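Mapping the sequence shown onto the numbering used here, position 56 (from 1) lands on 115, and the numbers just tick up by one.
For each residue, glycine too, the CB sits at the ideal point set by N, CA and C.
Here the structure is a predicted model, which means the values were calculated and not measured.
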Amino acid sequence: MSDFAVEMDGLTRRFGDFTAVDGVTLSIPKGHLYGFLGLNGAGKTTTIRMLTTLLPPSAGSAKLWGHDVMKEPLAVRRLVGLVSDETSESQSTWTAREYLAYFARLRHIPDATSHVERLLDDVGLNAAFRGKCMGTYSTGMKRRVEIARALMGQPKVLFLDEPTRGLDLPAKREMWNLLRRLAVDENVTTFLSSHDSHEIRSLCDEISVINQGRLVYTGATRDLGADLDEFEERLIVLLTLPGNGSV
Numbered sequence: 060m061s062d063f064a065v066e067m068d069g070l071t072r073r074f075g076d077f078t079a080v081d082g083v084t085l086s087i088p089k090g091h092l093y094g095f096l097g098l099n100g101a102g103k104t105t106t107i108r109m110l111t112t113l114l115p116p117s118a119g120s121a122k123l124w125g126h127d128v129m130k131e132p133l134a135v136r137r138l139v140g141l142v143s144d145e146t147s148e149s150q151s152t153w154t155a156r157e158y159l160a161y162f163a164r165l166r167h168i169p170d171a172t173s174h175v176e177r178l179l180d181d182v183g184l185n186a187a188f189r190g191k192c193m194g195t196y197s198t199g200m201k202r203r204v205e206i207a208r209a210l211m212g213q214p215k216v217l218f219l220d221e222p223t224r225g226l227d228l229p230a231k232r233e234m235w236n237l238l239r240r241l242a243v244d245e246n247v248t249t250f251l252s253s254h255d256s257h258e259i260r261s262l263c264d265e266i267s268v269i270n271q272g273r274l275v276y277t278g279a280t281r282d283l284g285a286d287l288d289e290f291e292e293r294l295i296v297l298l299t300l301p302g303n304g305s306v
């Protein structure tokens, strides 16, 4: 079994003449909180969709926990939890319990009721709201439910695209602590895409930056700056490099 949770080798995705992801090669060890940054349209979401079997690569390969995303899609899906803008539209007439119980049944999770309550405890959704329709929830509350859904079935790799959007600062801190605990206690790898530079710098020891479909930086987060201001300044340079440059 591979020591890596995520492995990409020349991963590429084309849409006609447009190359959205261009030959990405990257390996992420198990149990890491890993940052994946890029401007809108840089290739982040396309990369995540390929890694989670939602979109086939045009070239190259990718593996999760040693399972090929093209040859073993069912095995990969069992390992994955996903939060993205594409999954964040909740059923407004369902309660949080009903929504999560539906996915628990799809996954054939035993004792689904207890499992759902544990997940809602983990993400900090107030018990008073768990039986209310999600259409009445704030954006942050809906995000908590989506994160709970991503955690269902004890995934080994979490793909989180702006997971704390809509959460206030105490709720963000709670979520960060949960991700840290999952990494340490359960060897869960988090592939985190976020525009929140403080979140990335606080959570992720290593990051990659994608610009126009190509990786322009892979390395230690702290190497980009001793403080948040310096980190953001150097990050902006990487995010806006012209012509697929690299440093």
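Per DSSP, Met129 lies in no alpha helix (DSSP H) and is assigned neither H nor E.
When DSSP states are grouped into helix, strand and coil, Ile87 belongs to the strand group. For Arg273, DSSP records a beta bridge to Asn270. Annotation for Thr106: the continuous alpha helix (DSSP H) segment containing it runs 103-110. Checking the DSSP bridge columns, you'll see Ala279 partnered with Glu265. The C-beta separation of Thr248 from Gly90 comes to about 6 Å, placing the pair in contact by the 8 Å criterion. The three-state reading of DSSP puts Ser252 in strand, counting E and B together. For Glu66, the enclosing beta strand (DSSP E) starts and ends at 63-74. In the DSSP secondary-structure assignment, Lys122 is bridged to Glu66, Asp127.
Taking a C-beta distance under 7 Å as the contact criterion, Asp68 and Thr78 do not qualify as a contact pair.
By the Cβ neighbour-count rule, Pro214 is buried, with 16 or more other Cβ atoms within 10 Å of its own.
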